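Read through the structure below, which is laid out as C-alpha cells, and then see the notes.
2 protein chains.
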Amino acid sequence: MNEQLHIENQLCFRLYKLNKSITRLYAPLLKEAGLTYPQYLVMLVLWQDEQAKSIKDIGAILELDSGTLSPLLKRMEKLGLIKRTRSKTDERSVAIELTAHGKEIKNKAKFIPAKLLMLTGLTKIELKQLQQDLDELLHNTQQHL
Amino acid sequence: MNEQLHIENQLCFRLYKLNKSITRLYAPLLKEAGLTYPQYLVMLVLWQDEQAKSIKDIGAILELDSGTLSPLLKRMEKLGLIKRTRSKTDERSVAIELTAHGKEIKNKAKFIPAKLLMLTGLTKIELKQLQQDLDELLHNTQQHL
DNA sequence: AACAATTACATTGTGCGCAATATAATTGCA
DNA sequence: TGCAATTATATTGCGCACAATGTAATTGTT
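Chains X and W, in that order, are what the protein sequence lines are.
Remember, the working numbering sits 22 above the position in the first sequence when you count from 1.
Remember, the working numbering sits 22 above the position in the second sequence when you count from 1.
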C-alpha cells in the first residue's frame with residue numbers, strides 16, 4: 023500500500039478541486055456581467071490601466087498562448103467587450119482595447135472581489151499569508167518549466 | 023483606482039496559475055506512462071483498492087459529472103487502461119475496473135508523487151500545513167455551492 | 001541589399017469541464 | 001400493481017488550454 027499514491031494525500035488534487043470550486047463560485051457573479059472566468063481575467067488586465075495592450079502583453083500576464091487567446095479574444099470582440107486592431111507600427115501585432123461597454127462592466131465587477139473574499143471565510147491576514155505561500159510555491163514550480 | 027480589482031491581488035488568479043503550472047510539471051512524467059492529468063486522477067482512484075468502481079463512485083471522489091467522465095472513460099478504455107461493464111444487478115450502472123496494463127502502470131507512476139514533491143521545494147511540514155490551509159478553504163467554498 | 005532567423009499571431013486538433021437535455025432502469029408510493 | 005419520481009449514465013454544445021504547425025511581418029547579419 024503506497025501512501026504517497028493515495029489521492030487524498032496529493033497536493034495537486036487539492037489545488038485541482040479548489041480551482042474548480044472557486045471558478046464555480048465566480049460563475050453566477052460573472053454571469054450577471056456576461057463573462058466567463060477566463061474572460062474576466064482578460065478584463066482585469068484591461069481595466070488595470072485602460073490602455074490598449076497587445077495579445078503578447080496579455081499572454082505574458084495571464085500565461086496563455088495565442089492558441090488560447092486568439093479565439094478567446096475573438097469571442098470577446100463578438101460580445102462587444104473589446105476591439106481588436108492591427109498595429110500600424112508593427113503589422114504583426116494586434117492591439118486590444120476596451121469598448122465603452124467593456125469599460126461600463128467594471129462598475130458591476132468591482133464588487134466581486136469583496137463578495138468572493140467573504141465566501142472564502144478568510145480574514146485579511148490569513149489571505150495575505152496564503153497568498154505568500156502560494157507565491158512561493160508558484161515561484162518554485164515555475165523554475166522547473 | 024480599485025486595489026481589489028488588481029489581478030495580482032486576487033487569490034483566484036494565483037490558484038489558476040498554480041494549477042496550470044503544476045499540471046505542466048506533471049505532463050512530462052505522465053507522458054511516460056501514457057496518461058493525461060485527469061486520466062491520472064482516475065487511475066489513482068482505481069489503484070487505491072483494485073476493485074471495480076461505478077462511474078458514480080469515481081465522480082463523487084473526483085467531483086466530476088457524467089458529461090466529463092463518460093467520454094474520458096471511453097478514451098481510457100480505448101487506451102487499454104480500463105474495462106467498462108454494465109452492472110448485472112443494476113443495468114443503469116457501469117463498473118470500471120483496471121486491465122492488466124492499467125495495473126502495471128502503477129509501477130511507473132508510484133515514483134511520481136515523490137518527484138513532484140521535490141520540484142515544489144516544500145518540506146514535509148510545510149506541505150502538511152499548506153494542505154490543511156487548502157482543505158479549510160475548500161471546505162468553506164464548497165459550503166456555498 | 002539579400003536572406004536567414006526571429007517574432008506575433010492564427011489555425012488545427014485533442015482533451016477536458018460543465019450546463020442542458022435525453023434515455024433507460026429502478027424505486028417508491030397511492 | 002401501476003405509474004410518477006428518482007437514479008445512473010450518455011449525448012450535445014460550448015469554451016477553454018495547449019501542442020503542433022503555418023504565415024506574414026520584422027529584425028539581424030553579412
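For glycine and all other residues, C-beta sits at the position ideal for the given N, C-alpha and C.
Model, not experiment: these values are computed from the prediction.
Problem - Touching by the beta-carbon criterion (3+ pairs, under 8 Å), the segment 48–58 of chain X and the segment 93–105 of chain W - result: Put simply, the segment 48–58 of chain X does not touch the segment 93–105 of chain W. Fewer than three CB pairs are less than 8 Å apart.
Practice task
From the DSSP output, in three-state form, read off R108/W for me.
Solution key: In the structure shown, R108/W adopts extended strand secondary structure according to DSSP, grouped into three states.
Practice task
Note down, in chain order, every chain W residue with its Cβ under 8 Å from the Cβ of A136/X.
Solution key: Correct list: Q26.
Problem - Beta-carbon proximity of L186/X to R46/W, cut-off 8 Å - result: Residue 186/X falls outside the range modelled here, since chain X spans only 23 to 167, and no answer is possible.
Problem - Neighbour list for D87/X in chain W, Cβ cutoff strictly below 9 Å - result: Residues of chain W passing the Cβ test: none, with the nearest at roughly 11 Å.
Practice task
For E119/W, collect the residues of the same chain with a Cβ closer than 7 Å to its Cβ; drop the 5 residues on either side in sequence, then sort them by chain order.
Solution key: Cβ neighbours of E119/W beyond the five flanking positions: A74, I104, K105.
Problem - Residue-level contact to chain X via CB, D79/W, 8 Å cutoff - result: No - not a single Cβ of chain X is within 8 Å of the one on D79/W.
Exercise for the section: Using 10 angstroms around the beta-carbon of P50/W, count the other beta-carbons present and answer buried if the total reaches 16, otherwise exposed. Expected result: Here P50/W is exposed: its Cβ has fewer than 16 other Cβ atoms, across all protein chains shown, within 10 Å.
Practice task
Could you say which of K78/X, K137/X, Q26/X lies nearest to S109/X if we only look at CA atoms?
Solution key: Of K78/X, K137/X, Q26/X, the residue nearest in Cα terms is K78/X.
Practice task
Starting from A117/X, follow the beta strand (DSSP E) in both directions and report where the run begins and ends.
Solution key: In the DSSP annotation of this structure, the continuous segment of the beta strand (DSSP E) that includes A117/X starts and ends at 116–120.
Handout entry: Neighbour-count burial assignment, I147/W, 16 or more Cβ in a 10 Å radius
Key = It counts as exposed.
Handout entry: Identity of the residue in V67/W, T90/W, N24/W, L27/W nearest I80/W by Cα
Key = I80/W has its Cα closest to that of V67/W, out of V67/W, T90/W, N24/W, L27/W.
Problem - G143/W at chain X interface by Cβ criterion, 8 Å - result: In terms of beta-carbon proximity, G143/W lines the interface with chain X, with at least one pair separated by less than 8 Å.
Practice task
Could you work out which residues of chain X lie near D112/W, taking near to mean beta carbons separated by less than 9 Å?
Solution key: Per Cβ cutoff of 9 Å: no residues; D112/W is ~25 Å from chain X at best.
Problem - Three-pair Cβ contact test at 8 Å for the segment 120–140 of chain W versus the segment 130–150 of chain X - result: Contact between the segment 120–140 of chain W and the segment 130–150 of chain X is absent, with fewer than three C-beta pairs closer than 8 Å.
Handout entry: Partners in chain W for I29/X, counting only beta-carbon separations shorter than 8 Å
Key = Ordered by position in chain W, the residues that pass the 8 Å Cβ test against I29/X are L63, L66, V67, Q70, I83.
Practice task
Could you tell me if L167/X is buried or exposed, where buried requires 16 or more neighbouring beta carbons within 10 angstroms of its beta carbon?
Solution key: That one is exposed.
Practice task
Give the residues of chain W in contact with I44/X, contact being defined as C-beta atoms less than 7 Å apart.
Solution key: Near I44/X (Cβ distances below 7 Å), the residues of chain W are C34, L37, T163.
Exercise for the section: Determine, using beta carbons only, whether L120/X comes closer than 8 Å to chain W. Expected result: False, the Cβ-Cβ gap to chain W never drops below 8 Å.
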